[in-house]
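Peer 1: This is the structure, below, for whatever I ask next.
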Amino acid sequence: MLEMNVNWLAVLVTAIGYMAIGALWYGPLFQKLWMQLTGVTEESVKAGAAKAYAMMFVVALVSVFVLAMFVLTLDAAAFIDGLIIGFFVWVGFQATVMLNPVIFEKRPFRLFLINAGYNLVTLLAAGGVLAIWQ
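The opening residue of the sequence shown carries number 116 in my numbering; numbering runs sequentially from there.
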């Protein structure tokens with residue numbers, strides 16, 4: 116049986132970093148284009164912000180915890196190892212699944228690039244941090 120000794124402080128801090136990347140990504144970097152492609156307005160974002168951020172933090176915690184399990188299982192101890200794990204998790208479980216709405220719902224490919232890019236950056240950063248902070 117695998118013994119998993121997750122560093123909960125690393126998971127918590129990494130999840131906070133995950134959220135910080137999201138604030139930058141969907142704020143100054145891509146906010147206007149993302150809002151244009153989704154039809155979301157500033158008013159609707161502000162109206163549900165507290166609930167959305169709370170839910171997103173739970174999502175970040177779950178994502179980072181699962182990634183930590185991969186890092187531990189694969190015995191990654193170097194930053195580059197974490198980057199590689201983050202990349203393969205993104206390719207196998209994020210990017211491929213995120214293409215479904217593009218293919219079947221005719222969602223804009225640019226929206227896929229924004230959202231998938233965010234997931235790539237967060238998984239790379241989280242994988243690297245979790246690998247060196249065990």
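Note that beta-carbon positions come from the ideal geometry of N, C-alpha and C, so glycine has one too.
(1) Kindly indicate which three-state DSSP category residue 121 falls into: helix, strand or coil?
(2) Could you pull out every unbroken alpha helix (DSSP H) segment of at least 4 residues lying fully inside the stretch 121–170, listed in chain order?
(3) Residues in its own chain within less than 7 angstroms of residue 122 by CB, not counting five upstream and five downstream?
(4) Can you give me the C-alpha to C-alpha distance between residue 173 and residue 134, rounded to a whole angstrom?
(5) Taking the Cβ atom as the reference point for each residue, do residue 204 and residue 189 lie within a distance shorter than 8 angstroms?
(6) For residue 234, is the classification buried or exposed, using 16 other Cβ atoms within 10 angstroms of its Cβ as the cut-off for buried?
(7) Quick one: Cα of residue 142 to Cα of residue 223, how far?
(8) How would you call residue 192, buried or exposed, if buried means at least 16 neighbouring beta carbons within 10 angstroms?
Peer 2: So, from the data block:
(1) In the structure shown, residue 121 sits in coil (DSSP, three-state: anything other than H, G, I, E or B).
(2) As for any alpha helix (DSSP H) of minimum length 4 sitting wholly inside the stretch 121–170, the runs are 123–139, 146–153 and 157–162, ordered along the chain.
(3) These residues qualify, in order along the chain: 248 and 249.
(4) Between residue 173 and residue 134, the C-alpha separation is close to 10 angstroms.
(5) Result no, Cβ atoms of residue 204 and residue 189 do not sit closer than 8 angstroms.
(6) A residue is called buried once 16 or more other Cβ atoms fall within 10 Å of its Cβ, and residue 234 is buried on that count.
(7) Each residue's alpha carbon lies about 19 angstroms from the other.
(8) Its Cβ having fewer than 16 others within 10 Å, residue 192 is exposed.
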